[in-house]
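Engineer: According to this note's numbering, the sequence shown is numbered sequentially starting from -1.
Glycine is no exception: its CB is placed at the ideal position from the N, C-alpha and C atoms.
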Amino acid sequence: MSSLPIRMMSMSVIQKLLKQYPNARQINSLKDNEYDQYQWYRDASDELIAFPAAELSSKEAGLLELMLEPAAAPLYQHSNEWERYLFGDNTTCPLPEGTAFRLVLFSFGKAPVFPEEGHPLQFVFADDSTIVQRDELNGYVVELQTANTLSLEELSSASQALETDIDVSTYFFAGSFHEANQATKEQLLMEHAWYNQHKSYIQRQKVSTTQSIIPLLILDRFTDMEKQSQFSIINNAFDGDPELATVIRTLVENLSNVSSTAKLLYLHRNSLQYRLDKFSERTGIDLKSFHGSMTAYLASLQWDSDKKSRS
């Protein structure tokens, strides 16, 4: 295998590498028992490519890492067909038509050391689930909708248990349930794209859902002019009191219950109410109304995102 040219960092990196290096493979051209003989990489769209490990020098591996992310070899029965379906050219869902299921995307805070018994998520999800570890830190679980489907509370408990057992923070993003049909692939890839786009926000908590990021998806559809027009006076209030964005966000997420919000933020109720009243006076936003509180909530998310971009 000759040295890999840096110019390949243009569009369709994987397709160009496949054309230049005949021994490179994609997942749909390998058998399960061949995975470990290859070094795996993925591009920004999560497409996988593999190079024979015996032919790959450390220099070549380093050059590949400038273009692609190293990835773990696919694991477990059925992972191959799910990878082909989601990120390859297979358009037929591996599950029978009409089967209800969801993807639960997961991320580890650092590369875990797996126990000898196998992947730690095997002990979390039902036996009829399929676990796919895409790289050292990320993967997904195909979970059927049955009596054994995990609740959000159970996912949260599992995250805490995993942190204790393998000393790694684990984050779950539960997708919506879908019935297997011709449109399912597009729906699943849409959720996967949402997850990647808003991962930093999602990982503020150990368990989140597609519903959790709907406000962010709404903001994505606003133009800069629309945001400036509707949020500028609210942003001024947040600039004057940076903690206020968190206060507003917590209030709305707790259904505008001032007492509950005060407890969560370790504030005196009267002190919190005073800050909320001053905010309403300054902005003209009625936090007791649905539309007012939702506007302030969206503004708080955008302000926080802008603040992180500037830092």
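#1: With a Cβ-Cβ cutoff of 7 Å, do Phe85 and Glu45 count as a contact?
#2: Excluding five sequence neighbours on each side, which residues of the same chain lie with their C-beta closer than 7 Å to the C-beta of Asn179?
#3: Check this for me: beta carbons of Thr168 and Phe121, under 7 Å apart or not?
#4: From Phe288 to Pro213, what distance separates their C-alpha atoms?
#5: What would DSSP say about Glu279, mapped onto helix, strand or coil?
#6: Compare the Cα-Cα distances from Ser77 to each of Leu62, Glu189, Lys261 and Cys91 and report the closest residue.
#7: Would you check if the distance between the CB atom of Arg82 and the CB atom of Gly173 is smaller than 7 Å?
#8: Just list the residues that DSSP pairs Trp80 with in beta bridges.
#9: Which full runs of the alpha helix (DSSP H) of 4+ residues lie inside the stretch 31 to 119, going along the chain?
#10: So, is His266 buried or exposed, given that buried needs 16 or more other C-beta atoms within 10 angstroms?
#11: With Tyr131 as the anchor, note down where its beta strand (DSSP E) starts and where it stops.
#12: With the cut-off set at 7 Å, would you say Val245 and Ser291 are in Cβ contact?
#13: Can you tell me where the alpha helix (DSSP H) holding Asn233 begins and where it ends?
#14: Between the stretch 292 to 303 and the stretch 219 to 234, do at least 3 Cβ pairs fall closer than 8 Å?
#15: How many Å lie between Ser230 and Ser198 at the Cα?
#16: Within the same chain, show all residues whose beta-carbon is closer than 7 Å to that of Tyr193, passing over the 5 residues directly before and after it, in chain order.
#17: Do Asn88 and Ala124 have their C-beta atoms closer together than 7 Å?
#18: Please classify Glu151 as buried or exposed, where buried requires at least 16 other C-beta atoms within 10 Å of its C-beta.
#19: Per DSSP, what kind of secondary structure is Thr207 in: helix, strand or coil?
#20: Below 7 Å CB to CB, which residues in the same chain sit around Ser154 once its five sequence neighbours on both sides are set aside?
#21: DSSP state of Val250, grouped into three classes?
#22: Taking the CB atoms as reference points, tell me whether Ala69 and Trp38 lie closer together than 7 Å.
#23: Please return the same chain residues whose Cβ sits closer than 8 Å to the Cβ of Lys286, not counting the five positions on each side in sequence.
#24: Could you tell me whether the Cβ atoms of His190 and Ile211 are closer together than 7 Å?
#25: Starting from Phe288, trace the alpha helix (DSSP H) both ways and give me its first and last residue.
#26: Have a look at Phe236 and Thr248 and give me their C-alpha separation to the nearest angstrom.
#27: Measure the CB-CB distance between Asp302 and Ala243 and report whether it falls below 7 Å.
#28: Cutting at 6 Å between CB atoms, please list the residues of its own chain near Asp133, excluding the five before and the five after it.
#29: Determine the direct distance from the alpha carbon of Lys17 to that of Ser56, and round the result to whole angstroms.
#30: Quick one: what's Thr168 bridged to in DSSP?
Structural biologist: For this structure:
#1: yes
#2: Glu95
#3: no
#4: 14 Å
#5: helix
#6: Cys91
#7: no
#8: Paired residues: none, contrary to the question.
#9: 56 to 65 and 77 to 85
#10: exposed
#11: Note that residue 131 corresponds to Gln in the displayed sequence, not to Tyr. Note, Gln131: beta strand (DSSP E), Thr128 to Gln131.
#12: no
#13: Asp222 to Gly238
#14: yes
#15: 24 Å
#16: Leu103, Phe171 and Ile200
#17: no
#18: exposed
#19: strand
#20: Lys204 and Val205
#21: helix
#22: yes
#23: Ser254
#24: no
#25: Phe288 to Arg308
#26: 14 Å
#27: yes
#28: Ala69 and Ala70
#29: 21 Å
#30: Phe106
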